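Colleague: Protein chains in written order, with numbering that gives the first Met the number 0: chain A, 0 to 326; chain B, 0 to 305; chain C, 0 to 375; chain D, 0 to 248.
C-beta atoms are modelled at their ideal positions from N, C-alpha and C, and glycine is treated no differently.
Predicted model only: the values in this text are computed from it and were never measured.
My questions all concern the structure below.
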Amino acid sequence: MSRERLLGAVVLLALGLVPLAAHLMGEPFTITLATRAAILALAAVGLNIALGLGGLVSLGHATFFGIGGYAMGILASHVQNYEPMFEWPFLFEGSTSMPFIWLVAVLASALVALLIGLLALRTSGVYFIMITLAFGQMFYFFSISWSAYGGEDGLSIYVRNGFPGLNTLDPIQFFGLSYAVLCIVLLGAHLLARSPFGLALGAARQSPDRVQAVGLDPKRLRLVGFVISGAITGLAGALFADLNRFVSPTMFSWQTSGEIMVFIILGGVGRLFGPVVGAAVFVMLEHWLGDMSEFWHIWLGLLLLAVVLFARGGLVGLIAGREKAHD
Amino acid sequence: MTPILIAEQVLNGLQSGVMLFLMAAGLTLIFGVMGLINLAHGSLYMVGAFAAAATAAVTGSFLLALVAALAAAAAAGALVERLVIRRLYDRDHLDQVLATFALILIFSEGTRWIFGSFPLYLDIPEALSGPVTLPGGIQYPLYRLFIIGMGLVVAALLFWLIARTRLGIRIRAGENDREMIAALGVDIARLYTLVFALGAALAGLAGALVGAIQSVQVGMGEPVLILAFVVIVIGGIGSIEGALVGAILVGLTDTLGGIFLPQIFGLFMDPAAATQTGAALASMAIYVLMAAVLVWKPTGLFGAKS
Amino acid sequence: MLKQLLASVALLACASAASAEVKVGLITTLSGGGAGLGIDTRDGFMLAVEEAGRDDLEVVVEDDQQKPDVAVQIADRMIQSDKVDLLTGIVWSNLAMAVVPSATAQGLFYLSTNAAPAQLAGKGCNPNYFSVSYQNDNLHEAAGAYATSADFKKTFILAPNYPAGKDSLNGFKRFFKGELAGEIYTKLGQTDYAAEIAQIRASGADSVFFFLPGGMGISFLKQYADSGVDLPLVGPAFSFDQNILQAVGDAALGVKNTSQWNKDLENEANAHFVEAYLAKYDRLPSLYSAQGYDTALLMLSAMDKADITDKDAFRAALEEADFASVRGDFEFSASHHPIQDIYVREVIKEGDILTNKIVGTAIEDRGHAYEDECKM
Amino acid sequence: MTDAILETRGLVKSFGALRASDGITLDLRPGEIHAVIGPNGAGKSTMIKQLSGNIAPDEGTVHFLGRDVTGLSTMARARAGLARTFQVSALAMEDTVLQNAVLGALGATSSPYRFFRPALKKAELRDRAMAALERMGLAGHAATVVSELSHGQRRQLEVAVALTLQPRAFLMDEPMAGLGGEGSQQLTGILDRLRAEAPILLIEHDMDAVFALADRISVLVYGRIIATGTVDEIRRSPEVRDAYLGDAE
């Protein structure tokens, strides 16, 4: 096992065990923090497929995070308010079932990723960064003024949605669910990176000419990668909304896009466990630095700067060595 | 809607465009010469505004305030370039985005630490306050005309600087080939610091000019930053002409969209719904414009083919 | 300073562990652009807590960064980890909507120092939720009432395009009897109002009502003053608050605005509050400071009467509102919102400092428009 | 129709005032190595880009295996069996030698839209890739990351990736570029054997290699083919001497 793998396994295990210990010691807030870390990591795992594997620097992944969140908010609010979503062609009251909400979140964000991707992938480099940012801003401003679903105030869901066989209101059970989703998606991302698709997408990042010369279409590879990436981040958005029992346009803001990106770079770009390490560290920093100083953003900024300037390859790279794992 | 009102709104759009140009010119220059995406450009705008407000509070002079804004932003720019930005030129855009994102956090909270959490006061100088009557009977604030004039003068100076001066020649050479100008014996590190400080000074000037009619507060730079990015992307990154055209296009779209969209929707919707829908779409208008331009011309209106 | 404060309060609390302790979570905005309002809220609240000097009270203060998800996270921590009995302090309606419904559903008390959206006043009202400030529409309604009494015939109204903005214009229209010269929703966070001012000029209006909180109001007022349009302005207190006025400058002079409090309100509690606040923090109190102070007084009055572990008794004690409010008379409606007078203020200059003075009463004993929708 | 595998007729491509291709007509026949030589700026790159489909000609056609492929994309031509190597190595530098070869096999044999089974565990891909690597003498380096290969090894890998396509024709853009004498000789031997498998259109500056390998040579000057013929014919051609070899030596 490579050092990187080992480190990843340790971090993932710790992320699983800490809440368990907290549960036994009656520290439910630690569980909430761990859940937050797991869900943000999931969002970053999604972005990492576009960013790390495909080289697509998307500064608009908050779009998908927000769509996932609003999928949850909209479906659940209709049930909560006893206002059916639509009555034709059949009566649909909305939903408070997580699996169904997840499905809608994944499909909706994949569809939007497809549309954005079709337009945005015509550009590259800085232009791609900026056009994804622009799409994010469009959704942000739209959600603020869309009064049917709360506008700037957002939507509050009083009771967390259900999952068959679980009591999701119990922090440890909801953590377990989020953690399981994270593990499954990580496994998927691991397989994806080594699959024919992952190989081709990675090559399209490194040498699009080569990919074309062997008869593969780099644009289509990127588009599919972007859609998968958006769908995963959308799923994370739905979970995040359920964690907070609340959605708001903030989920669409460009700072959210920036933060998801920060998780990846903090952890290590294109590394399987980079997003997990990054999100976990970020959540801990937010928690501790926020306690230490009113001006904690300064310290966060300095730390990020230090990572970018001096720890290329992120924290995972710092600990496990610059070289990435090859299979 | 009278022709006078339309003319006034066009002037407003022009003024907001000229202001955006000051921001965008620095951004696009820095990108063109050094290949750097600087998210912290909005922070330099904020530095300019705060420096101007602080100086005006002490001296009471608007002119000194403008000088202070230029100096403070240029100094902050040069400092940041030496300490941080310099290490980012060889990095990919991703590292640049993150590092300059970190700089925003540091600048914003640092400013709050120094100046406190409440907005500062900066006012229009006596000589420039109040409206004037333009031909056609348009009442228009003198200060806004001053901003338009100031912006156009800076634009002209900038074009002259780049087309005619030694520095401009070096800047243009730097855009094409870093090694070549190094081979010509130009001190490239100094050139870069200079260009970065110049871009920062432009942002600082914009911050000070706008600060007098808006609110000088922490976080004022980010909305403008995003707009400036929209501008340079529409114009084509690295192109000063593109920045000018893009800025005016964005200024006009933003201003006129906000006025006309609700009225257009009012033609076939009830007024309350129309104002809301129109306002919602107007706030998205410039992003739609940007997406449309990029789909049509993937490297912007004046961008070099990649 | 905050840390010391907390430490001393905590120390006092430890000293008498025997008595039943009340633990309060104060969630407010202490960093970023909106920090000024949260700092005032906190300082007002803590002033009352310190003056009370009780050893059975502990206050935990946290910064929500003006982000709803952060506010939710902090609330979760305060409930789950710090085991607070009562939450308070949120400035913004969207943050309140994220925190309040689930907190009250979990049996906690929430005392609002500011945000009081319609949802929580009407259908979503809750026995454990009390708004000490107002209902969000109140100041706008008062502005409408003032505009009517000032005999404005054709008023131009504008607000940002978000829920509070829509509530604002509806609130104004509810009490305004004249005609509207125009109605505009601006972009949230907009900083340039040249286009809107041009429309106002062209509309033939005789007066302007605006609701533009924070930096938006500063920008609007400066630009309006410079535009040469000199129609009378009226708006809710937010753009004329003590901390913002200095940044607006002389552009605000003479503008009428509506508020349920001002520092020159003549009552003993207010005189004491203004003096003590100025002495302690070396600046004049704002509306947010006053609301924070009143909230703490209300809570302390209930603590005198009941043990917080007995929720029904504590709630009954809160409902009595038996405290000396800086607003003078204070009582709660059935939906736990204040019934109070709302005043018209005018911006004046006292020496070099811009401030407000009360020039009249806009509405007397105003409750709110959603009272009937509240079933509890 | 002739029995040519690859054939161009009257290719014209202009960039502004510059006519980079000015009516290029040439063909590539089964079993041959057809070398195209010419001074710098003669339009060799522009020509090969039109053959591979990276740029579209203003006029003229490209036929491959008897089919008009002028309107087809690079990808479609590659799938039809036209394999290309690049003047500057275009390889996935962070991936291993085997991964690069498997990528070629993937393009040739199956869809890349498979998301779960590891690419390197697929027997048909792996076998094909390993076979190509063995032929180029790179089997021992299968697990090496490309960025750690020597320049010569990278040139060999370029050819190996092209081989995995099992192509019907090769387009090789200066495969000898940057190779030393020994490396050059080694590659010459490999190309010599390769022509039996599929004909090679070879653009090359290394005259020793060209004269050693080419069955036919075309000389491109200012976007025109000024002569086509066997090695001896070209050596003797006075026009070629004047236009090209003359000032080259």
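What residues match up with TYR139(B) in a beta bridge as DSSP calls it?
Modeller: DSSP output for TYR139(B) lists VAL131(B) as bridge partner(s).
Colleague: Any C-beta of chain B sitting closer than 9 Å to the C-beta of HIS296(A)?
Modeller: Closer than 9 Å: yes.
Colleague: For PHE14(D), name the three-state secondary structure that DSSP assigns.
Modeller: If DSSP states are grouped into helix, strand and coil, PHE14(D) belongs with the strands.
Colleague: Expressed to the nearest angstrom, what Euclidean distance is found between the alpha-carbon atoms of ASP207(D) and ASP231(D)?
Modeller: C-alpha separation (whole angstroms): 14 Å.
Colleague: Chain A partners of ASP364(C), CB-CB under 9 Å?
Modeller: Residues of chain A passing the Cβ test: none, with the nearest at roughly 28 Å.
Colleague: Could you have a look at ASN80(A) and say whether DSSP puts it in helix, strand or coil?
Modeller: Of the three classes helix, strand and coil, the one that applies to ASN80(A) here is coil, per DSSP.
Colleague: On the criterion of 16 or more Cβ atoms from any shown chain inside 10 Å, does ILE183(A) qualify as buried, or is it exposed?
Modeller: Exposed.
Colleague: Indicate the three-state DSSP secondary structure (helix, strand or coil) for ALA197(D) in the structure shown.
Modeller: ALA197(D): coil per DSSP, three-state reduction.
Colleague: Mind checking the stretch 105–135 of chain B against chain A and listing, in chain order, the residues whose C-beta falls within less than 9 Å of any C-beta there?
Modeller: Flagged, chain order: ILE105, PHE106, SER107, GLU108, GLY109, ARG111, TRP112.
Colleague: Can we say the stretch 67–83 of chain B touches the stretch 268–284 of chain A, given the rule of at least three CB pairs closer than 8 Å?
Modeller: Not touching, per the Cβ criterion.
Colleague: Among the residues of its own chain, which have a CB less than 7 Å from the CB of LYS348(C), if the five just before and after it don't count?
Modeller: So the qualifying residues of the chain are LEU252.
Colleague: Under 8 Å Cβ to Cβ from ALA79(D), same chain only, skipping five residues before and after it: list those, please.
Modeller: Hits under 8 Å: PHE63, LEU64, ARG66, VAL68, LEU71, ARG167.
Colleague: Below 8 Å, how does it come out for the stretch 80–99 of chain C and the stretch 47–54 of chain C: are there three or more Cβ pairs, yes or no?
Modeller: The stretch 80–99 of chain C vs the stretch 47–54 of chain C: no contact.
Colleague: Any Cβ of chain B within less than 9 Å of the Cβ of PHE243(C)?
Modeller: The amino acid occupying residue 243(C) in the given sequence is Ile; Phe does not appear at that position. Interface residue, yes.
Colleague: Classify THR58(B): buried if its beta carbon has 16 or more other beta carbons within 10 angstroms, exposed otherwise.
Modeller: It counts as exposed.
Colleague: Should LEU26(B) and ALA242(B) be called a contact, given that it needs their Cβ atoms to be closer than 9 Å?
Modeller: Yes, the pair counts as a contact, with Cβ atoms nearer than the cut-off.
Colleague: Should TRP91(C) go down as buried or exposed, given a rule of 16 or more other Cβ atoms within 10 Å for buried?
Modeller: That one is buried.
Colleague: Please report the straight-line C-alpha distance between GLN155(D) and LEU186(D), rounded to a whole angstrom.
Modeller: Using only the alpha carbons, I get a separation of about 7 Å.
Colleague: Measuring only the C-alpha atoms, how far is ALA199(B) from GLU178(C)?
Modeller: Distance between the alpha carbons of ALA199(B) and GLU178(C): 49 Å.
Colleague: What did DSSP end up calling ASN93(C) once you bin it into helix, strand or coil?
Modeller: It is helical.
Colleague: How many Å lie between GLU248(D) and GLN152(D) at the Cα?
Modeller: With a pLDDT of 41 at GLU248(D), under the threshold of 50, the modelled position of that residue is not reliable, and no figure is offered here.
Colleague: Verify the CB distance criterion: does TYR191(B) have a CB-CB separation below 9 Å to chain A?
Modeller: For TYR191(B), the answer is no, since every Cβ of chain A falls outside 9 Å of its Cβ.
Colleague: Mind checking if PRO235(C) is an interface residue toward chain A, Cβ cutoff 9 Å exclusive?
Modeller: Not closer than 9 Å to any Cβ of chain A, the Cβ of PRO235(C) fails to qualify, so no.
Colleague: Using a C-beta to C-beta distance shorter than 8 Å, which residues of chain A count as neighbours of GLN275(B)?
Modeller: Chain A residues near GLN275(B): SER144, SER146.
Colleague: Comparing alpha-carbon positions, which option in GLY316(A), ALA36(A), ARG2(A), ALA112(A) lies nearest SER177(A)?
Modeller: The option with the nearest alpha carbon to SER177(A) is ALA36(A).
Colleague: Does DSSP classify PRO235(C) as helix, strand or coil?
Modeller: In the structure shown, PRO235(C) sits in a strand (DSSP, three-state: E or B).
Colleague: Can you give me the C-alpha to C-alpha distance between LEU251(B) and PHE129(C), rounded to a whole angstrom?
Modeller: For LEU251(B) and PHE129(C), the distance between alpha carbons rounds to 47 Å.
Colleague: So, under 8 Å CB-CB, SER218(C) and THR190(C) are touching, yes? Tell me the CB distance rounded to an integer number of Å.
Modeller: The pair is a contact, with the Cβ atoms about 5 Å apart (cut-off 8 Å).
Colleague: Can you list the alpha helix (DSSP H) stretches of 4 or more residues lying completely in the stretch 27–100 of chain D, in chain order?
Modeller: Listed in chain order, the complete alpha helix (DSSP H) runs (minimum 4 residues) inside the stretch 27–100 of chain D are 43–51, 73–79.
Colleague: Tell me, please, whether the CB atom of GLU240(B) is closer than 9 Å to any CB atom in chain C?
Modeller: It does not; no Cβ of chain C falls within 9 Å.
Colleague: Mapping DSSP to helix, strand and coil, what is TYR120(B)?
Modeller: Note: TYR120(B) maps to coil in three-state DSSP.
Colleague: State the Cα-Cα distance for the pair ALA153(B) and LEU160(B), rounded to the nearest angstrom.
Modeller: Correcting the residue identity first, residue 153(B) is Val in this sequence and not Ala. Going from the Cα of VAL153(B) to the Cα of LEU160(B) covers about 10 Å.
Colleague: Could you spell out the range, first to last residue, of the alpha helix (DSSP H) harbouring GLU232(D)?
Modeller: Here the alpha helix (DSSP H) through GLU232(D) covers 230–235.
Colleague: Within its chain, find whatever has a CB closer than 7 Å to the CB of ARG215(D); leave out the 5 residues flanking it on each side and keep chain order.
Modeller: Closer than 7 Å at Cβ, skipping near neighbours: GLU31, HIS33, THR227, GLY228, THR229.
Colleague: Listed from N- to C-terminal order along the chain, which residues in the stretch 289–315 of chain A have their beta-carbon within a distance smaller than 7 Å of any beta-carbon of chain B?
Modeller: Within the stretch 289–315 of chain A, the qualifying residues are PHE294, HIS296, ILE297, LEU299, GLY300, LEU301, LEU303, LEU304, VAL307, LEU308.
Colleague: Have a look at TYR139(B), VAL217(B), MET149(B), LEU266(B) and flag the residue whose alpha-carbon is nearest the alpha-carbon of VAL9(B).
Modeller: Nearest of TYR139(B), VAL217(B), MET149(B), LEU266(B) to VAL9(B), Cα basis: TYR139(B).
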